[in-house]
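In the working numbering, the protein residues as written are 298 to 582.
Structural data, given as C-alpha cells:
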C-alpha cells in the first residue's frame with residue numbers, strides 16, 4: 298500500500314502521544330508511556346516527543362515487531378482514512394508503567410485504541426489503580442466508533458465502576474456507546490455514567506457535562522479545513538491542560554477548541570505553533 302502512495306509527509310503521531318505533546322506545548326508537564334521498537338522510526342518518535350517537552354522513558358523493544366505506523370489518506374474535504382500497523386504498540390505491558398509518574402500525575406489519560414492489545418489493557422488498569430490510590434483522576438478517549446463497538450460493555454464498566462472519571466468522545470462514538478441515533482439521549486446517559494464527559498461535534502463545537510451542569514463551547518473559526526487528523530487528540534490536550542490548571546469547564550473547552558482548530562488547518566497530527574503563545578494571543582491564558 299505504501300508503495301502505491303504518492304508523495305507523503307511523515308510525522309510522529311499516535312493518539313495519546315499527540316495529546317501529551319499538546320499539553321506540553323501549552324506549557325504543562327506531561328509524561329508518556331508507549332512502546333516503540335529499537336529501529337529508525339522508534340528513534341525518530343522518541344526524539345520528536347522529547348523535543349516537544351514530554352517525558353518519555355519507556356524502554357524500546359529490542360527486535361520484532363517494528364515500530365507502529367499509520368498510512369493516512371486525506372481527502373479534499375479534510376477527512377481521512379487510516380490504515381494502521383500496531384507493531385511494537387502491542388508489546389506495551391504492566392512492566393512499562395512507571396509508578397511515580399502514574400501516582401504523581403494530576404490526570405492520567407489513555408486511548409481506547411489500547412484496549413485491543415491484552416497486555417496494554419493490564420497496563421492501563423494498573424496505572425488507573427495507582428492514580429486513584431494517590432487521589433488522582435483518570436481520563437480516556439473512546440478513540441473510534443468501531444473501537445466502541447468492540448468494547449462497549451468494558452468501556453461502560455470502566456465508567457460506571459469509577460475506573461475512569463473523565464471521558465472524551467465525538468458524536469459518532471457517544472451514539473455508538475449507547476446504541477442510539479439520538480445525540481441528546483446519548484448525552485443524557487453519559488452524564489449519569491461518569492464524572493465529566495467532553496463531547497466534540499466538529500463545526501458545532503463541543504458539549505461538556507458534569508452532573509446536572511451542561512457547558513457548550515463554540516468551535517474555533519478557521520480559514521481552511523485541511524486535515525482532521527489529531528483534532529480530538531488536541532481538543533483533549535487543551536481541555537486537560539486547562540483542567541489541571543484549575544480552569545472552569547468553559548475555559549477548558551475553549552482551550553481544547555483552540556488547539557483542535559489549529560491542527561485541522563495543516564497536514565499532520567500535531568500543531569506546529571506554540572499552543573501557549575496562541576492561547577495567550579487569544580486571551581485564553
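Beta carbons are placed, not taken as given, at the ideal position from N, Cα and C, and that holds for glycine.
Computed from a prediction, not measured in an experiment: that's the story for all the values here.
| field | residue 506, DSSP secondary structure in three states | value | As a working note, residue 506 is residue 209 in the chain shown. Residue 506 falls in the strand class under three-state DSSP.
Next on the checklist: Just to confirm, is the Cβ distance from residue 556 to residue 438 under 7 Å?
Outcome noted: As a working note, residue 556 is residue 259 in the chain shown. As a working note, residue 438 is residue 141 in the chain shown. Against a cut-off of 7 Å, the Cβ pair of residue 438 and residue 556 comes out as no contact.
| query | Nearest to residue 361 by alpha carbon, out of 504, 335, 428, 447? | reply | Locating residue 361 in the chain shown gives position 64, where the first residue counts as 1. With distances taken between Cα atoms, residue 361 lies closest to 335.
Relative to the C-alpha of residue 454, which residue among 471, 426, 351, 491 is closest? Reading the chain shown from its first residue, position 157 is the one you call residue 454. That would be 491, whose Cα lies nearest to the Cα of residue 454.
TODO: Taking residue 436 and residue 537 to be in contact with their CB atoms under 8 Å, please state how far apart those CB atoms are, rounded to whole angstroms.
DONE: Here the question's residue 436 lines up with position 139 in the chain shown. Here the question's residue 537 lines up with position 240 in the chain shown. Residue 436 to residue 537, Cβ: 7 Å. Contact.
>> I'd like the list of long-range same chain contacts for residue 563, defined as Cβ closer than 6 Å, with 5 residues on each side in sequence excluded.
In response: Working through the chain shown from its first residue, we reach residue 563 at position 266. Around residue 563: 523.
Checklist line | Sequence-distant residues of its chain with Cβ nearer than 6 Å to residue 553 (five each side left out) | finding: Stepping through the chain shown from its first residue, residue 553 is reached at position 256. Correct list, in chain order: 532, 535, 536.
Could you tell me how far apart the beta carbons of residue 558 and residue 549 are, in whole angstroms, since I believe they sit closer than 8 Å? Against the chain shown, residue 558 aligns to sequence position 261. Against the chain shown, residue 549 aligns to sequence position 252. Wrong, their Cβ atoms sit about 15 Å apart, outside the cutoff.
Out of 303, 347, 320, 570, which one is the CA nearest neighbour of residue 371? Residue numbering aside, residue 371 sits at position 74 when the chain shown is read from its first letter. Checked all of 303, 347, 320, 570; the closest Cα to residue 371 is 303.
Exercise for the section: In angstroms with no decimal places, state the Cα-to-Cα distance between residue 443 and residue 348. Expected result: Mapped onto the chain shown, residue 443 falls at position 146. Mapped onto the chain shown, residue 348 falls at position 51. Roughly 33 Å between the two C-alpha positions.
- Query: So, using beta-carbon positions, are residue 572 and residue 323 closer together than 7 Å?
  - Reply: Numbered from 1 along the chain shown, position 275 holds the residue referred to as residue 572. Numbered from 1 along the chain shown, position 26 holds the residue referred to as residue 323. Contact flag set, yes.
Run through DSSP, which three-state label would residue 404 get?
Looking up residue 404 in the chain shown gives position 107. Three-state DSSP puts residue 404 in a strand.
- Which listed residue (403, 451, 498, 417) has its alpha carbon closest to that of residue 384: The count along the chain shown starts at 1 and reaches residue 384 at position 87. Cα-wise, what sits closest to residue 384 is 417.
Alpha carbon to alpha carbon, how far is residue 582 from residue 488?
-> Residue mapping note: residue 582 aligns to position 285 of the chain shown, counting from 1. Residue mapping note: residue 488 aligns to position 191 of the chain shown, counting from 1. In a straight line, the C-alpha of residue 582 is about 28 Å away from that of residue 488.
If I follow the unbroken alpha helix (DSSP H) through residue 482, where does it start and stop? Locating residue 482 in the chain shown gives position 185, counting from the first residue. Segment 480-490, the alpha helix (DSSP H) holding residue 482.
(request) Taking all protein chains shown into account, decide if residue 590 is buried (16 or more other Cβ within 10 angstroms of its Cβ) or exposed. (result) Nothing can be reported for residue 590, as the shown portion of the chain is limited to 298 through 582.
>> Measuring straight from C-alpha to C-alpha, what distance separates residue 429 and residue 366?
In response: The residue given as residue 429 occupies position 132 in the chain shown. The residue given as residue 366 occupies position 69 in the chain shown. Each residue's alpha carbon lies about 32 Å from the other.
- Query: alpha helix (DSSP H) containing residue 577: first to last residue?
  - Reply: As a position in the chain shown, residue 577 is number 280, starting the count at 1. 572-578 is the span of the alpha helix (DSSP H), which, as asked, contains residue 577.
Three-way DSSP call (helix, strand, coil) for residue 567 in this model: Indexing the chain shown from 1 puts residue 567 at position 270. Residue state, collapsed to three classes: coil.
Taking contact to mean at least 3 C-beta pairs separated by less than 8 Å, is the segment 491-502 in contact with the segment 456-475? yes
Bridge-paired residues (DSSP) for residue 437: Translated into the one-based positions of the chain shown, residue 437 becomes position 140. Per DSSP, 407, 464.
In the DSSP output, which residue or residues are listed as bridge partners for residue 540? Along the chain shown, read from residue 1 onward, the residue named residue 540 stands at position 243. Per DSSP, none; premise fails for residue 540.
Inset, instruction - May I ask you to report which of helix, strand or coil DSSP gives residue 358? - result: The residue given as residue 358 occupies position 61 in the chain shown. Residue state, collapsed to three classes: strand.
Practice prompt. Indicate the three-state DSSP secondary structure (helix, strand or coil) for residue 351 in the structure shown.
Written response: One-based indexing of the chain shown puts residue 351 at position 54. Coil at residue 351, not helix or strand.
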